[in-house]
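Beneath this line is the structure, given in structure tokens, with notes to follow.
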Amino acid sequence: MERAQFLKSLGDICIKCYQVSGMLQDLNQAVCVYNDAVQDGLTDGPDLADLGDVFMLRFERLGNLSDINSSISLFEKADKLTPDDHPDKFLRLSSLGISLCSRFEQLGDLNDINKSISLLEDAVQLTPESHPNKLLMMNYLGSSLFHRFKRLGDLNDINRSILLKEETIQLTADSHPNKPLRLNNLGNSLLARFEQLNDLRDISRAISILEDAVQLSPDRHPDKSSMLENLGNSLCLRFEQLGDLGDINRSISVLQEAVQLTPDNHPNKVSMLNHLGSSLLRRFGQLGDLSDINRSISLKEEAVRLIQDSHPNKPSRLNNLGNSLLARFKRLHDLSDINRAISVLEDAVQLTPDGHPDKCLWWNNLGNSLLHRFQQLGDLSDINRSISVLENTIRLTPKGHTNKPTMFYTLGNSLLYRFQRLDDICALARSIVMFEEAVRLTPDGHPSKPFMLEGLGHSFYICFKSLGDTDDLTQMISQYSLASQSTTGPTHVRFLAASKWAAHAQMSQHPSLLQAYTVALELLPQLAWLGSSISDRHHHIVEAGTIVCDAAAAAITACQYKQAVEWLEQGRSIIWGQLLQLRTPMDTLKDSHPDLADRLSFLSSQLEGSSTDQGSLELTDTKLQQSLQLISNQSHAYAYERDELINKIRGLEGFERFLLPRTFSQLSLAAQGGPVVVLNISASRCDALILRPGLYEVKHVPLPDFTLKDGQAFYTSLTSLTGAGRNISCHSDRLYGRFEGELSPEETLKHILSVLWQQIVHPVLDALSITVMANLQRIWWCPTGPLTFLPIHAAGLYEDNQPAGSKLSDFAISSYAPSLAALISGFQAQTTSEPPLQAFQMLTVAQPLTDGQSDLPGTLKEINHIQQNVAGKYHIQQLVGDAATVARVEKGMRECSWVHFACHGVQNVSHPTESALLLANSSQLTLSNIIRLFIPHADLAFLSACQTATGNKELQEESVHLAAGMLSAGYRSVIATMWSIMDDDAPNVADDVYAHLFKVSPPDSAQSAEALHIAVRKLREGSAGKKLFIYWVPYIHIGV
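For the sequence shown, this note's numbering assigns the number 435 to the initial residue and increments by one for each residue that follows.
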């Protein structure tokens, strides 16, 4: 017996060591020596209970079933050895009740939780009111009632749980070490009741209480991570209810902290990974940031891997993984994602016992995934099974369940697709009924409301399309209108509804047409939200399609020309516009509200720095993924705070239109240097909208002979002819593409240029009364759609013996503008930051040899020609060959106001912001590098490389090319190329450009358009009197 007592004392020491060190070996040692003590005869009730406590402690650490089973067995023996009238009886009952509740959490056996509650009720009853453990017993009972409610959904259980926990908190001092844990438990119970009843008071109170729990817990508190997890979950749930982005950003931040505080082998780690993945999924649904959904899947895969098949939470983890896979499939349409989603959801259903309150959710998600696979593959068995599963789900789900509206919505979708496939009119009628029920059950202001309304609107559209009933058309427009003008819900859903509203109003000539476009274009900048990466913003802009040009066409039809100009400016070059806005001076705000101005400047600078595109990175390293996730989270937080701050500023007197889209009177300043011709092309019409110096009106020129189909055909021909728009880099002596067509390449270009002259340019010149060929006038072209890829500047008739006055260059010097704002910015820079003579510096960069590319000996000639033209009057920095590293080039660009690049260019169609100029050792000065630069004194950039002004077919309105990037970096004027140029021609063009520019001192970049005009004319005329179109047409001027 003495040995047994010694072992018991040694076990006590091991436990104390474990409590200090947290080392598992100390806990294992305690189990061993306690067990030996029992084997040696220490078998009374208290000793057995102590050993049960140690097994329970190890179970909480490792989650091994054998430990919880041993604990329960020991507690049962200890209870039997303890008489009913023994003062410690309540302790034996509570220990056994707590361990049974823990096993229930692991295995889900209802007998365990029922017995746990019964034992804890007896323990509470037996504990004297004055006993210090009375509150502890009440708290344990409340927790067991909470767990039974989570399984059975009986409101009596959760209401009792909340009452018990409230009483314990009222009687617990703030300084008591158990106060945080008791607050945490009450927060959990309120959270559970919210999920059942959807009462916002419960979720708001839960968040407040959980914040108190976290606040009262020291960082080393063993339950701090669990409290953070519960707070993160609560914030996520409130986000789902109210759609407040601040809640979901904070949820992710809090859950990441919980994950970091939790050891990898901790049994709660799985839960935290899962919940963090779910919050990232919710934010992806709101913002569409791919990094969020990829990280969500990665976390949930890890959670599934770590949890045992026998664990009662395994189905939940599988379901959540399936949801994230489905979400990514809807974005990327990768069949492997939807197949995996269905597989894991089937596993979740199979592992969940009938009667489990969450089984209906698994069924709903499985039915939804089957529907999406049907949409992709068209397999009837998928849609039939989807409908069957969803009908069963609705039948099994109790009335008042918070997810019931979603189930009606999903079934409505499945029935609608069945009708479209089989022409089953009964399915269509039932679909409308399901959507109407989903709308009816979803409260106004709920983030899901736009989904429900958009679904109902779509079902009415299908009905109208099939039956032709105008009542259905009216209902369709009404539902789309309500969905798009909802104040909550994901922007992309509201934008989709507005787009459909506009499209169908256009089709039916509904009087709400312009209102629909107004709503859609107000949502467009939110769709490409500043807190997302540039690649994600580009994705959303691509999804928006041609709505900007369609809206302008509708405004033009209604003779609302100024509105058309405002809309085109508001909806084009969105990313560049955002960067310009981030760099907007805030002098007026700073004068009256310096604190607000300083904070806004800080947020803007941080967002500008974080806009670098990460879309093309292969994220295989976990630490890199986490680092990028932190950057993404911070960007979201900064963007959210900036939006809130701007709204606050707009509430101040005199700042009502602060950073709002420019009005026409402001946009008219773009024409201060000469007429600006905005060319709008849509499926319905083609028009020119002309802004003229000093006039606050729009000159409208209809262009009825040119169509969108013409523009697309010409774009296709040019792409085939020149190779522009492919993932290519330029070579010196050949041009790209294997042209296939009825005409030769030269005749094709001649035909395109003649059509552009006759159907677009000549009518514009007539409207401007430009008939004299002397004193050439400046004209800026601001095209849309496929016109952005066409050489408008070269439009003309080029048949032999054609008289003078048959081409644009006979009358005007042409420049392009990606947006009116870019032009205005260039003119403002011209008047405020003209460098003095002694400050003029120029950087020249040449790369004659590049690995994997053909040699460009002409680049050295270009540099020599520049030196000869400068003739020692100005300082020229030269970076040639290996000296032209990215770092040195960027440094030189910051020091010089002019820059000339003579090198290879690379266009990246998949990731347009990775298009680049090739420098030393094949290093790349990418568009994303250039975007980061902002050089206030930047003036002129000459990009003598291939395709530096070739945009992206999918982003026609965004001007995603290197030349536009130079404008964004601050350069007022840019000379660039629409497609590949010849190495033999480039030195001569550069020589002629700089010969003209350096005639005056100091050189004036405002003359660069004229200089290029002269140089290209000489190239066109050539030594033999005529040069092929493909050689001279690609040179263009952009900016002022």
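Glycine residues also receive a C-beta, built at the ideal position from the N, C-alpha and C atoms.
Taking DSSP's pairing of strands, which residues face residue i in a bridge?
i, result
"LEU1123", "VAL1112, HIS1134"
"HIS926", "Per DSSP, none; premise fails for HIS926."
"ALA1246", "GLN1211"
"LYS1241", "GLY1230"
"GLY1339", "LEU1351"
"GLN1358", "LEU1352"
"PHE1491", "Absent from the model: residue 1491. The displayed extent of the chain is 435 to 1474, so no value can be given."
"GLN919", "According to DSSP, GLN919 bridges with nothing at all."
"GLN463", "For GLN463, which the question treats as bridged, DSSP gives no partner whatsoever."
"GLN1275", "HIS1309"
"ALA1548", "Nothing about residue 1548 can be read from this structure; the chain reaches only from 435 to 1474."
At which residues does the beta strand (DSSP E) containing residue i begin and terminate?
i, result
"SER1402", "Taken as a continuous stretch (DSSP letters only), SER1402 belongs to no beta strand (DSSP E), being part of the alpha helix (DSSP H) at 1396-1402."
List the endpoints of the continuous alpha helix (DSSP H) containing residue i.
i, result
"HIS1471", "Careful: HIS1471 lies outside any alpha helix (DSSP H), inside the beta strand (DSSP E) at 1469-1473."
"CYS1217", "A quick correction: the sequence has Pro, not Cys, at residue 1217. No alpha helix (DSSP H) holds PRO1217; the beta strand (DSSP E) holding it covers 1211-1217."
"SER730", "724-740"
"GLU871", "859-875"
"CYS535", "523-541"
"CYS897", "883-901"
"GLY1128", "Note, GLY1128: premise wrong, no alpha helix (DSSP H); not H, not E."
"ILE506", "499-514"
"MET841", "838-856"
"PRO1421", "1420-1431"
"ALA548", "The residue asked about is misnamed: residue 548 is Asn in this sequence, not Ala. ASN548 -> alpha helix (DSSP H) spans 544-560."
"TRP1466", "1463-1466"
"GLN649", "634-650"
So, for residue i: in the same chain, excluding its five sequence neighbours on each side, which residues have a beta-carbon less than 7 Å away from its beta-carbon?
i, result
"ILE1448", "ASP1426, HIS1430"
"HIS581", "CYS535, PHE538, GLU539, ILE547"
"CYS794", "THR827, LEU830, THR831"
"PRO1421", "GLY1292, LYS1295, GLU1296, HIS1299"
Should residue i be labelled buried (16 or more other beta-carbon atoms within 10 Å of its own) or exposed?
i, result
"SER1026", "exposed"
"TYR1130", "exposed"
"GLY531", "buried"
"ARG807", "buried"
"PRO521", "exposed"
"ILE506", "buried"
"ILE1226", "buried"
"HIS1471", "buried"
"PHE1036", "exposed"
"ILE859", "exposed"
"LEU958", "buried"
"GLU1078", "exposed"
"CYS993", "exposed"
"GLY1326", "buried"
"LEU699", "Strictly speaking, residue 699 in this sequence is Asn, with Leu absent from that position. Its Cβ having fewer than 16 others within 10 Å, ASN699 is exposed."
Given residue i, which residues of its chain have a CB within under 8 Å of its CB, disregarding the five upstream and five downstream residues?
i, result
"LEU707", "VAL693, LEU733, LYS734, GLU736, ALA737, LEU740"
"PRO1269", "Note on PRO1269: pLDDT 46, under 50, position unreliable in the model; no value is reported."
"HIS767", "GLN810"
"TRP1191", "ALA1229, GLY1230, LEU1231, SER1240, LYS1241, LEU1242"
"ASP588", "ARG582"
"ILE637", "LEU624, LEU625, PHE628, SER668, LEU671, ARG672, GLN675"
"ILE731", "GLY711, LEU755, SER758, LEU759, ARG762"
Enumerate in chain order the residues of its own chain whose CB-to-CB distance from residue i is below 6 Å, with the five nearest sequence positions on each side excluded.
i, result
"TYR1405", "ALA1372, ALA1375"
"LYS934", "TYR914"
"PHE1140", "CYS1120, GLN1193, ILE1194"
"ARG762", "ILE727, ASP771"
"ARG774", "LEU759"
"ALA782", "PRO749, LEU752, ASN753, TRP796"
"PHE1148", "ILE1186, LEU1224"
"GLU1000", "PHE1098"
4-residue-minimum alpha helix (DSSP H) runs that sit fully inside the stretch 1301-1333, ordered along the chain: Entirely contained in the stretch 1301-1333, the alpha helix (DSSP H) runs reaching 4 residues are, in chain order, 1320-1329.
Entirely enclosed alpha helix (DSSP H) segments - the stretch 589-626, minimum 4 residues: DSSP runs (the alpha helix (DSSP H)) wholly in the stretch 589-626: 589-604.
Contiguous alpha helix (DSSP H) assignments of at least 4 residues, all confined to the stretch 778-830: Whole alpha helix (DSSP H) segments, 4+ residues: 793-811, 814-830.
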